[in-house]
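Basically my numbering = 1-based index in the sequence shown + 7.
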Amino acid sequence: MSTEASSSGCRILLLFAHPSQARSEVNSVLFNAAKQHKAVTAIDLYAEYPDFNISIEREQQRLVEQDVIIFQFAIYWYSTPAL
Numbered sequence: 008m009s010t011e012a013s014s015s016g017c018r019i020l021l022l023f024a025h026p027s028q029a030r031s032e033v034n035s036v037l038f039n040a041a042k043q044h045k046a047v048t049a050i051d052l053y054a055e056y057p058d059f060n061i062s063i064e065r066e067q068q069r070l071v072e073q074d075v076i077i078f079q080f081a082i083y084w085y086s087t088p089a090l
């Protein structure tokens, strides 16, 4: 993340979806680095919703509270993960 984004008060929501984060070599490093920044709210969707019972209200509120939304996920067969 640039220092410009953090110094301007920009709030960033990072939605991370990786079904096997422990085995990920690249995505885990990127996600853990992003979590270190104060302006970033980093959410691991698989950890937050292991049963796939997603709280629509909570996620809508998170979206409203942020200025920038980033989706980080592994690409399998040229598509996004189930969650």
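Virtual Cβ for every residue (Gly too), placed ideally from N, Cα, C.
Practice task
Put Q67 into one of helix, strand or coil per three-state DSSP.
Solution key: As a working note, residue 67 is residue 60 in the sequence shown. Helix.
Problem - Endpoints, alpha helix (DSSP H) assigned at L37 - result: As a working note, residue 37 is residue 30 in the sequence shown. Per DSSP, L37 belongs to the alpha helix (DSSP H) from N34 to K42.
Handout entry: Beta carbon of A54 nearer than 9 Å to that of Q28
Key = Along the sequence shown, one-based indexing puts residue 54 at 47. Along the sequence shown, one-based indexing puts residue 28 at 21. Yes. Within cutoff.
Problem - F59 beta carbon less than 9 Å from that of A24 - result: In the sequence shown, residue 24 corresponds to position 17, counting from 1. In the sequence shown, residue 59 corresponds to position 52, counting from 1. Contact: no.
Handout entry: Reduced DSSP secondary structure (H/G/I, E/B, other) of L52
Key = As a working note, residue 52 is residue 45 in the sequence shown. Note: L52 maps to helix in three-state DSSP.
Exercise for the section: Ignore the nearest five residues each way along the sequence and tell me which others in R18's own chain have a CB closer than 8 Å to its CB. Expected result: On the sequence shown, residue 18 is found 11 positions in, with the first residue counted as 1. A46, T48, E72, Q73, D74 and V75.
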